[in-house]
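Trainee: In the numbering used here, the protein residues as written are 807 to 1076.
For every residue, glycine included, the Cβ atom is placed at its ideal position computed from N, Cα and C.
These numbers were taken from a predicted model, which means no experiment stands behind them.
Got a structure here, written out as structure tokens. Questions coming.
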Amino acid sequence: MKLPVPPFEDPAADQRHLLGAFLRDRRGRLDPVVLGLAVTGRRRTAGLRREEVAADAGISATWLTWLEQGRDIQASPQALDRLARTLRLTGAERAYLFQLSGRRDPRQPDPGQDDGGACARLRDAVAAITVPAYALDHRLDLLAWNGAAADLFAGWLDEPGPHNLLRYLFLDPAAKKLLVDWPGRAARVLAEFRVDHGRHLADTGLTALIAELRAGSAEFAARWAGADIRGREGGERLFQHPVHGLRRYRQMTLSVETRPDLRLVMLLPD
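Right, dumping it as structure tokens:
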């Protein structure tokens, strides 16, 4: 099922429409048997009916209908918590639900306030690391990288910036040569990025970046229309370096406690 990509003119309305599309998509993916419902006869559509979801979540079917239609209504954190449980959302999907709803997840601790020095300390950390390492913000703009990363991403990070990971993945042909299993990596990065996008729909710079990528890459446009959302995980990363040959790493990604929009990525030799 494809999620519609609305025109980004009114951030609040766009956010509500994304929320409605997300809820419809996840409702359509659920098997009624998961909720212990007896299935008799043929259903016109896949997944659960609104009334079934509403009943299990203890909410009004009308309220859920309005939410899926993108109407300007308020959703309490408690109702969203029950809805997330009924829809069997993953951690990343749950975070996306609360981000689009403009509500704080009652199960998540308050991240606190940044003291203003997080970016500087993050750059210092990157410089002190000996393995390939770089720092990213919510747009996937690289804020810092070390010499080992510049050597690994030769032809990109050793060139004048600015440097954005999404532009590199979808607009630079060199990425497909360097990254082994480029389709899988591109899909993974985009599914993780969608969570950040849900937090920053009012960011005009982010909106412009997405518009640029949709216009410049048919692959990005097709993948962006999908509904894949994933949390960040480590794992094996393979690179076919033009000079050093095949390089194998395990990726570790750390978030900055006082700035959840910033993260540190390290590639540990496997």
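1) Which two residues bound the contiguous beta strand (DSSP E) that contains residue 1041?
2) Note down, in chain order, each residue of its chain lying with its Cβ closer than 6 Å to the Cβ of residue 1008, except the 5 sequence neighbours on either side.
3) Cα separation between residue 980 and residue 997?
4) Below 8 Å on the Cβ atoms is my contact criterion, and I expect residue 1037 with residue 897 to pass it. Report the Cβ-Cβ distance as a whole number of Å.
5) State buried or exposed for residue 1050, treating a residue as buried only when at least 16 other CB atoms are found within 10 Å of its CB.
6) Check whether the Cβ atoms of residue 1059 and residue 1069 sit closer than 8 Å, and answer yes or no.
7) How is the alpha helix (DSSP H) around residue 1000 delimited, first residue to last?
8) For residue 1029 and residue 993, what's the separation of their Cα atoms in angstroms?
9) To the nearest whole angstrom, what separates the beta carbons of residue 951 and residue 960, a pair I think is in contact under 8 Å?
10) Per DSSP, what kind of secondary structure is residue 807 in: helix, strand or coil?
11) Cβ atoms of residue 867 and residue 874: under 8 Å apart, would you say?
12) Between the beta-carbon of residue 963 and the beta-carbon of residue 956, is there less than 8 Å?
13) Measure the C-alpha to C-alpha separation of residue 1034 and residue 886 and round it to an integer number of angstroms.
14) The beta strand (DSSP E) with residue 950 in it runs from where to where?
15) Is residue 1067 helix, strand or coil when you go by DSSP?
16) Could you give the residue range of the alpha helix (DSSP H) that holds residue 782?
17) Hey, quick one: how far does the alpha helix (DSSP H) through residue 1013 stretch, first residue to last?
18) Cα-Cα, which of 1004, 985, 1011 is closest to residue 907?
19) Identify the residues that DSSP records as bridge partners of residue 1075: which are they?
20) Count the other C-beta atoms from every protein chain shown that fall within 10 angstroms of the C-beta of residue 901, then say buried if there are 16 or more, exposed otherwise.
21) What residue does the beta strand (DSSP E) around residue 985 start on, and which one ends it?
22) If you drop the 5 nearest sequence neighbours on each side, which residues of the same chain put their C-beta closer than 6 Å to that of residue 821?
23) Looking at residue 876: is its Cβ nearer than 8 Å to the Cβ of residue 826?
24) Answer with buried or exposed for residue 910, where buried requires no fewer than 16 other C-beta atoms within 10 angstroms of its C-beta.
25) Helix, strand or coil: how does DSSP classify residue 1060 here?
26) In this structure, what does DSSP give as the bridge partners for residue 941?
Mentor: Reading off the structure:
1) 1041-1047
2) 817
3) 21 Å
4) 5 Å
5) exposed
6) yes
7) 988-1005
8) 7 Å
9) Not a contact, Cβ separation roughly 12 Å.
10) Caution is warranted here: a pLDDT of 47 is assigned to residue 807, below 50, making its placement in the model unreliable, and the coordinate value is therefore given only provisionally. If DSSP states are grouped into helix, strand and coil, residue 807 belongs with coil.
11) no
12) yes
13) 20 Å
14) 948-951
15) strand
16) Any property of residue 782 remains undetermined from this structure, which presents the chain solely from 807 to 1076.
17) 1010-1022
18) 1004
19) 1055
20) buried
21) Residue 985 -> no beta strand (DSSP E), and no H or E assigned at all.
22) 906, 1007
23) yes
24) exposed
25) strand
26) 950, 1070
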